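Q:
In the numbering used here, the protein residues as written are 210 to 817.
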């Protein structure tokens with residue numbers, strides 16, 4: 210099919226046209242199903258023509274290039290994966306009002322074939338286009354370039370702060386949610402010390418809050434000291450990334466787009482002033498990934514040494530510790546990364562292994578002896594049962610048949626009759642709340658019985674479990690059209706501690722501009738993808754695949770922090786559509802894109 214120049218016989222030509230037409234028809238069918246466009250709509254003809262143009266041009270392009278089997282297999286594998294994601298996320302909509310199992314299966318099968326062809330052709334075209342794409346200018350590194358790196362980073366730092374300042378002035382002293390209020394209550398001593406929200410993050414807030422009280426008696430103004438510190442930290446992360454990328458002498462438009470993402474995309478400005486653990490966690494993920502990048506580049510030149518790579522190893526140590534402490538899933542992600550990191554740097558294990566062990570030791574000491582000494586309570590058991598809780602809740606919501614033993618146990622730990630009151634298929638809070646209002650001690654004492662019942666119900670009602678799992682994780686792997694709005698909290702939420710929003714920048718014009726900024730993604734095609742964590746994760750997978758195909762395979766390690774965070778969300782996310790839970794890898798998105806576009810020669814240029 211791809212080697213058009215070898216086709217000579219008329220019968221071969223007819224077969225080719227038939228095959229291309231069939232592929233175009235299946236693509237049109239799939240597009241019609243996922244967009245809910247009826248068969249009598251004019252767009253169905255356009256879908257067919259677009260599909261025909263796509264498959265014909267991909268075939269022509271493929272006939273001119275010697276495409277490796279690895280490239281074809283990668284495009285096919287990714288196409289199958291994305292098709293699977295799409296069918297899992299939208300099979301109810303694709304089937305529509307059909308009730309006959311045979312009709313539903315037929316529609317799904319034909320749609321799967323069309324989506325598979327569409328994704329395969331698009332990915333193959335993308336891989337062919339990006340194979341020899343060059344992001345660098347080709348200029349050699351000079352002493353003047355090296356001196357300009359710091360100034361370039363400093364300029365980036367200033368631009369980010371200037372662009373984020375209106376958000377800060379509008380929501381002064383910053384955005385504080387209910388979670389932030391819980392941490393503030395711990396700081397002022399009303400609540401006991403808890404690691405439910407990262408205790409180390411609470412202590413950092415406390416440090417800057419106490420510093421603020423040295424200059425003002427107004428607690429609202431004092432808390433702004435932390436907000437400014439957080440803004441500076443996030444701007445520093447961007448500046449560090451930009452000055453590092455500056456060493457590669459990339460084309461100007463690359464720097465412009467990267468800086469525009471951080472400085473101008475509204476959610477980055479909103480998160481920069483939000484007192485959330487997710488914000489600083491995202492910065493730590495970026496710094497840890499950059500430390501891996503720096504060490505990878507150093508090992509391509511020669512062996513690591515403490516003299517030349519000491520600062521990078523120190524950055525890895527510090528960012529790794531806070532990455533593990535700012536979110537519980539960050540610690541599990543770090544554990545996931547250890548074997549891959551040690552394997553990649555096995556020649557330099559004498560330097561890398563002590564850093565990894567140092568991170569692990571410092572985290573365990575902090576979570577153990579230090580927190581115990583300070584009287585910090587750890588999150589309760591039910592906090593880690595988001596996924597089982599949602600699956601059992603769905604079984605109860607569907608009023609499935611339970612044995613007397615199962616019903617008695619579940620009613621012992623919570624009032625199952627209240628499940629319907631607050632059940633949300635995308636949020637596990639209601640299950641956890643019912644258990645906390647019920648008999649959590651009984652659950653802890655008979656946890657093995659809970660696991661037994663959980664397994665029994667899963668074996669009896671696997672469909673309910675699968676759908677509950679789908680709904681609880683869908684926002685992170687499927688490009689939702691109804692992704693929840695991001696960073697709509699403005700200023701300080703209602704509280705009993707006297708904190709309040711004291712907007713410096715205010716007025717009708719300010720409110721309207723802010724409203725427009727946060728609604729543009731609903732209007733501008735393409736731009737809206739930056740607001741979909743499901744779509745952005747697809748981009749990460751494509752970049753990772755492209756890096757393995759055309760770049761240095763060892764650089765695939767740089768994507769593993771994002772993959773590790775994603776996997777932890779798949780296991781225990783409490784919310785199925787929350788942008789901030791994925792912000793840890795969204796903030797590093799420009800880095801992933803640049804890594805996928807850097808040729809090996811671009812890295813070699815840094816040897817001097």
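C-beta atoms are modelled at their ideal positions from N, C-alpha and C, and glycine is treated no differently.
Quick caveat: nothing in here was measured; it's all calculated off a predicted structure.
DSSP three-state call for residue 459: helix, strand or coil?
A: Residue 459: strand per DSSP, three-state reduction.
Q: Return the chain-ordered ranges of every alpha helix (DSSP H) run that is complete within the region 601-631 and spans a minimum of 4 residues.
A: The qualifying runs are 613-622 and 628-631.
Q: Should residue 683 go down as buried or exposed, given a rule of 16 or more other Cβ atoms within 10 Å for buried?
A: With 16 or more other Cβ atoms within 10 Å, it is buried.
Q: By DSSP's criteria, residue 633 is part of a beta bridge. Which residues make up the other side?
A: Bridge partners of residue 633: 636.
Q: DSSP puts residue 784 in a beta bridge; with which residues?
A: Answer is 636, bridged to residue 784.
Q: Over the uninterrupted alpha helix (DSSP H) stretch that includes residue 676, give me the two end residues.
A: Taken as a continuous stretch (DSSP letters only), the alpha helix (DSSP H) holding residue 676 covers 671-682.
Q: Here's the rule I'm using: 16 or more other beta-carbon atoms within 10 Å means buried, otherwise exposed. How should residue 754 be labelled?
A: Classification for residue 754: buried.
Q: Tell me residue 483's beta-bridge partners as DSSP assigns them.
A: Partner(s): 384.
Q: My output table needs one value for residue 514: the three-state DSSP class, helix, strand or coil.
A: Three-state DSSP puts residue 514 in coil, outside helix and strand.
Q: Tell me whether residue 277 is buried or exposed, calling it buried when 16 or more other Cβ atoms sit within 10 Å of its Cβ.
A: Residue 277 comes out exposed.
Q: Check the C-beta distance from residue 544 over to residue 490 and give it rounded, since I have them as a contact under 8 Å.
A: With a Cβ gap of about 16 Å, residue 544 and residue 490 do not count as contacting.
Q: Do residue 749 and residue 801 have their beta-carbon atoms positioned less than 7 Å apart in this structure?
A: Cβ distance < 7 Å, so residue 801 and residue 749 count as in contact.
Q: For residue 292 versus residue 260, is the C-beta distance shorter than 7 Å?
A: No.
Q: With distances taken between CB atoms, is the gap from residue 402 to residue 584 smaller than 7 Å?
A: Closer than 7 Å, so yes.
Q: Can you tell which of 788, 786 and 760 has its C-alpha closest to the C-alpha of residue 805?
A: That would be 760, whose Cα lies nearest to the Cα of residue 805.
Q: Near residue 577, what residues of its chain come up, given a Cβ to Cβ distance below 6 Å and the 5 sequence neighbours on each side ignored?
A: Closer than 6 Å at the Cβ level, and outside the excluded window around residue 577, lies no residue.
Q: So, is residue 535 buried or exposed, given that buried needs 16 or more other C-beta atoms within 10 angstroms?
A: So residue 535 ends up on the buried side.
Q: Is DSSP giving residue 528 helix, strand or coil here?
A: DSSP places residue 528 in helix when its eight states are reduced to three.
Q: For the 8 Å Cβ check, are there 3 or more pairs between the region 330-340 and the region 789-801?
A: Too few Cβ pairs lie closer than 8 Å, so no.
Q: Between which residues of its own chain and residue 651 is the CB-CB distance below 6 Å, once the five residues before and five after are set aside?
A: Excluding sequence neighbours, residue 651 sits near 621 and 622.
Q: From the DSSP output, in three-state form, read off residue 426 for me.
A: The answer is coil: DSSP assigns residue 426 none of H, G, I, E or B.
Q: Would you say the beta carbon of residue 645 comes nearer than 6 Å to a heavy atom of the ligand NAP?
A: Inclusion of the ligand NAP in the displayed structure is not the case, the ligand content being empty and no account of it being possible.
Q: Contact check, residue 639 vs residue 631 under 8 Å by CB: the rounded distance?
A: That belief holds up - the Cβ atoms of residue 639 and residue 631 are roughly 4 Å apart, short of 8 Å.
Q: Since residue 681 and residue 782 should fall inside the 8 Å C-beta cutoff, what is the C-beta to C-beta distance between them, to a whole number of angstroms?
A: Sure, about 6 Å apart at Cβ, within 8 Å.
Q: Rounded to whole angstroms, what's the CA-CA distance from residue 636 to residue 281? Just pull it up for me.
A: Computed Cα separation, rounded: 39 Å.
Q: Using DSSP bridges, identify the partner residues of residue 701.
A: DSSP lists 385 as partners of residue 701.
Q: Hey, out of 468, 370 and 595, whose CA is closest to residue 437's CA?
A: Comparing Cα-Cα distances from residue 437 to each of 468, 370 and 595, the minimum goes to 370.
Q: Counting only the same chain and skipping the five closest in sequence on each side, list residues whose C-beta sits under 6 Å from that of residue 368.
A: Cβ within range, chain order: 472.
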